[in-house]
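As structure tokens, then:
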């Protein structure tokens, strides 16, 4: 399975913020072992998807927020003067 990029810049920022929030909540909330496992799993999976710019759920749903940077077009030559 080829992992094509399907996560855009703003989506990456949101995933990093929420991933870090889930991981940091392990220390502030002091959850049970199961809660700690869930928070760490969610946090690291969000950080991993932000790093790789690939989300398998987006792939299943055929969603992409990834924008390819447009190629810079060469300036057109000026029209000849009449």
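In this note's numbering, the protein residues as written are -2 to 79.
Ideal Cβ placement from N, Cα and C applies to all residues, glycine included.
Note that this is a predicted model, so its numbers are computed, not measured.
Exposure of residue 78 is indicated by the presence of fewer than 16 other C-beta atoms within 10 angstroms of its C-beta.
Straight-line measurement puts the Cα of residue 5 at about 6 Å from the Cα of residue 64. The residue among 56, 41, 74, 75 with its C-alpha nearest the C-alpha of residue 1 is 56. Annotated three-state conformation of residue 22 is helix, per DSSP.
Secondary structure of residue 10 (DSSP, three-state): helix.
Listed in chain order, the non-local C-beta contacts of residue 76 below 8 Å within the same chain number zero, local neighbours out to five positions each way being set aside.
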